[in-house]
Amino acid sequence: MTIAEKRKLIEKSEATPSMTHPELSAWAAREFRLAKAPARNTVSAILKMAAAIKSAAYGDGKRRKPLKVASPKLECKLGAWVSFVEKKKVNLNHNILIMKAEEIQGDVGGAALTLNLSVGWLSAFMHRHDLCFRIKRGEAGSVD
146 MTIAEKRKLI
156 EKSEATPSMT
166 HPELSAWAAR
176 EFRLAKAPAR
186 NTVSAILKMA
196 AAIKSAAYGD
206 GKRRKPLKVA
216 SPKLECKLGA
226 WVSFVEKKKV
236 NLNHNILIMK
246 AEEIQGDVGG
256 AALTLNLSVG
266 WLSAFMHRHD
276 LCFRIKRGEA
286 GSVD
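Set out below in C-alpha cells:
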C-alpha cells in the first residue's frame with residue numbers, strides 16, 4: 146500500500162470506528178484494487194502509526210515508506226539552488242551538481258560533512274527532486 150492509501154485507510158477507520166481490522170482490510174482490498182487484502186496485523190500497524198503517517202514529514206504519498214535523507218539541510222539548499230539555476234535556463238550536469246553539493250556540504254556542516262557524495266547519492270537526489278539531465282544536441286550543446 147502506498148502512503149496515500151494508508152492515509153485513506155486511517156481516515157476510514159476514524160470515520161467508522163465500529164469497523165474491525167478484518168473489515169478494514171477487506172475494504173482496503175476493494176477500494177484500492179489490491180491483489181490480496183492486507184493482513185490484519187498490517188492494518189493494526191498502520192493504525193498504530195497513524196500520527197506519524199498523517200504527518201507531512203512522512204512523505205507525499207507516492208512511496209510505500211518515507212525516504213530518509215541523511216542531511217536535510219544539504220538536500221534543501223541544493224534543491225533550492227537547482228530550482229534557482231533552472232529558472233535561469235542554465236544547463237546542469239552531474240559534475241556541476243556534485244561540485245555545488247560539496248560547496249554546500251562545507252557550509253552546512255554537521256551530518257552533511259560525513260555524507261559521501263557518491264554516484265548513488267546523486268542518483269537518489271535526482272530521483273527525489275525529479276531531475277534528469279540529457280545531452281544537448283546541435284547549437285545548444287556547443288555553448289560553453
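In the working numbering, the protein residues as written are 146 to 289.
Positions of the beta carbon are idealized from the N, C-alpha and C atoms, including for glycine.
The model shown is predicted, which means the values in this text are computed figures rather than measured ones.
To the nearest angstrom, how far is the alpha carbon of residue 176 from that of residue 230? 42 Å
Does the region 216-226 come within contact of the region 171-191, defined as at least 3 CB pairs closer than 8 Å? no
Let me confirm a value: residue 242 is counted as buried when at least 16 other C-beta atoms fall within 10 Å, else exposed. Which label applies? buried
Do you know how far the Cα of residue 217 is from the Cα of residue 163? 40 Å
Tell whether a beta-carbon distance below 8 Å holds between residue 170 and residue 188. yes
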